[in-house]
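Right, one structure below, let's go through it.
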Amino acid sequence: MSGAIAYISRDTDSAQWKTVLEAGLGPIDFRTLDRLGNTDEIEIALAWKPDRGLIATFEKVKLIVSLGMGVDHLLADDKLPQGVPIVRIMDEGLVGQMSEYALYWALRHHREIDRYAESQRARLWQPLDFIDTIHRRVGVMGLGTIGQDTTRKFAALGFPTAGWSRTAKTLPGIETFHGQDGFARFLARCDILVDILPLTRDTRGILDAAAFARLPKGAYFINIARGGHVVDAALLAALDSGHLAGAALDVFHQEPLAADHPYWTHPKVRVTPHIAGATNPRTASPGVIENIKRLRAGRELINRVDPKTGY
Ligand code: GLV
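Counting in numbering that gives the first Met the number 0, the sequence shown runs from 0 upward without gaps.
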């Protein structure tokens with residue numbers, strides 16, 4: 000039999016992963032955190048937020064698979080073995096959930112649903128002025144698989160949609176911006192800003208006071224990427240000054256969000272517990288199975304991560 004596949008995550012879907020992998024690969028030597036056995040036998044690590052230094056103890060590991068689409072949880076490990084290829088999942092199910100989550104908050108803001116809920120509580124029949132969809136400009140930071148899906152869906156609803164990425168990208172029907180200069184111009188046209196960037200050295204703290212100030216007054220912010228992009232004090236100040244209308248946040252610097260964090264009770268902030276997109280073993284496994292087969296056949300891997308760019 001080939002080497003062992005170790006599931007190193009504290010999530011509770013190990014049995015599902017074993018089932019879906021065996022459906023594609025036949026019987027496997029599947030290990031979990033509580034039963035890693037002889038770690039020299041581990042060929043493949045399936046990882047989500049592994050303990051620092053753990054993968055380095057798998058001396059013969061040949062492939063590291065990120066069980067999330069983001070890989071910052073792996074690259075944060077300064078003991079991660081150099082030169083061992085890293086691949087990440089590409090999960091259609093997760094991609095769809097992420098864009099759905101962004102659309103939900105954007106539409107709720109766009110259609111003033113919270114204000115109508117207040118009117119209902121006061122038994123007030125009070126139609127409000129509205130902004131036409133063609134005048135509500137949406138911007139998506141990060142144009143990878145999830146960002147592209149999200150821009151496509153906003154554009155299909157008729158929102159003038161733009162995207163920003165580190166390097167230049169062209170997408171049909173989407174205005175695109177890139178790099179440092181493009182960032183300021185991009186922000187200035189975002190009535191709704193959706194963050195779906197990876198967390199890298201370059202993107203940590205990218206949404207600071209200057210960035211929020213560049214957004215048009217009354218803008219709405221949706222973060223489905225990583226809390227590390229945001230300078231929390233700057234976001235809170237922009238909300239409190241009335242510059243931003245609100246924020247829907249699914250991700251935070253520290254998760255779980257501390258019980259005394261101001262986000263929990265801020266009237267303009269909606270908090271969800273990192274649920275915008277959940278990895279689903281059923282939809283994520285085909286790419287993982289393909290990569291395991293490719294590794295064992297000595298073929299080129301798919302969905303590879305470049306540790307230098309961080310995605
Ligand atoms: C979730 O945060 C992921 O990276 O897939």
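Beta carbons are placed, not taken as given, at the ideal position from N, Cα and C, and that holds for glycine.
One Cα belongs to M140, the other to K267, and the distance between them is close to 21 Å. Of the candidates Q96, L45, L192 and T144, the residue whose Cα lies closest to the Cα of H72 is L45. For A55, same chain residues with a beta-carbon under 6 Å away, outside a window of 5 residues either side, are K78 and P80 in chain order. For a cut-off of 8 Å, the C-beta gap from V94 to I133 is around 26 Å, too long to register as a contact.
M97 is a Cβ neighbour of A275, given a cutoff of 7 Å.
With 16 or more other Cβ atoms from the protein chains shown falling within 10 Å of its own Cβ, Q147 counts as buried.
The alpha-carbon of A210 is positioned some 18 Å away from that of L142. In this structure the region 278-290 lies against the region 5-23, because at least three pairs of beta carbons, one per stretch, are closer than 8 Å. DSSP, reduced to helix, strand and coil, places R51 outside both helices and strands of the structure shown, so it counts as coil.
In the displayed model, W124 falls within coil according to three-state DSSP, outside both helix and strand.
Under the three-state reduction of DSSP, A75 is assigned to coil, being neither helix nor strand. Here I27 has I4, L20 and E21 as same chain residues with Cβ atoms under 7 Å from its own Cβ, once five neighbours each way along the sequence are excluded. Not one heavy atom of ligand 1 sits closer than 6 Å to the Cβ of M97. Counting only beta-carbon distances shorter than 5 Å to the non-hydrogen atoms of ligand 1, the qualifying residues in chain order are G67, M68 and G69. The criterion of a C-beta distance shorter than 7 Å is not satisfied by F176 and R165. Under the Cβ criterion (8 Å, minimum of three pairs), the region 148-164 does not count as touching the region 239-247. Under the DSSP assignment, F211 falls in the alpha helix (DSSP H) whose first and last residues are A208 to R213.
Shown here, T144 sits in a helix according to DSSP, grouped into three states. Residue nearest to G2 within the set F153, T38 and E42 is E42 (criterion: CA-CA distance). Residue range D231 to D239 is occupied by the alpha helix (DSSP H) that includes L238, with no beta strand (DSSP E) assigned at that position. Nearest C-alpha to R136 among A116, H228 and F153: F153. Judged by their CB atoms, I301 and G23 are not nearer to each other than the 7 Å cut-off. In the structure shown, T199 adopts coil according to DSSP, grouped into three states.
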